[in-house]
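J.: Can you read through this structure? Questions will come right after.
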Amino acid sequence: SPNNGSDFIRTSCAATLYPELCYTSLSSYANAIQENPARLARVAIHVSLFKARLMAMYLSNQSRQADYGADPRAAAALHDCFSNLGDSVDEMRGSLKQMRLLGESSSSGSFRFLVSNVQTWMSAALTDEDTCTDGFEDVADGAMKEDVCDRVANVRKFTSNALALVNSYADKG
């Protein structure tokens, strides 16, 4: 069978913390990615951004329904988490802009600069997702806390994988 880039994706995903998730979330883009590490990193950021945006929308709905009187800590944690996810989304959007500029740049100096911006912003996105769940440490255990923390932990896996693929691309560049 002709290799449409899926072997490249599997091999590249081996460098991530969640290789199986990495492969399953990116393999459907194999034709677009081919064997291009820049495209692979860009698609991984796109997927991560999509997951983070869905999570932010979910948190926005949860936050609107939160009863501030009944559980002010939980309501505050939800609000802060929504804010963190919003920052994470912005950082990933910024990363994609830098990745587009990378495609247009030819000098190695600007490559280093742009790719280090992407590394910085994707790291910040990951930190924001961690900060979100940290905010629930003082919240009593319950369905809402467990649900939000599980969902954010899942989003975080996509962001972690995207950062790892950006780092691989930076090393190759």
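Just so it is clear: in the sequence shown, position 97 is 97 by full-length UniProt numbering, and no numbers are missing.
Each residue gets a CB set at the ideal place from its N, CA and C atoms; glycine is no exception.
On a predicted model such as this, the values are computed, not experimentally measured, just so you know.
1) Helix, strand or coil for Asp-80? Go by DSSP, reduced to three states.
2) So, under 8 Å CB-CB, Ala-77 and Gly-135 are touching, yes? Tell me the CB distance rounded to an integer number of Å.
3) With DSSP as the reference, label Gly-103 as helix, strand or coil.
4) So the candidates are Met-122, Asp-147 and Leu-114; which of them puts its Cα closest to the Cα of Gln-62?
5) Along the alpha helix (DSSP H) that carries Ser-24, what are the first and last residues, could you check?
6) If the criterion is Cβ atoms closer than 7 Å, does the pair Val-155 and Met-122 meet it?
7) Are there 16 or more other CB atoms within 10 angstroms of the CB of Tyr-68, so buried, or fewer, so exposed?
8) Tell me the rounded alpha-carbon separation between Val-149 and Asp-71.
T.: Quick answer:
1) helix
2) 4 Å
3) helix
4) Asp-147
5) Going by the sequence as given, residue 24 is Thr instead of Ser. Element bounds for Thr-24: 19–26.
6) no
7) exposed
8) Looking at the sequence shown, residue 149 is not Val but Cys. Cα to Cα, the separation comes out at about 17 Å.
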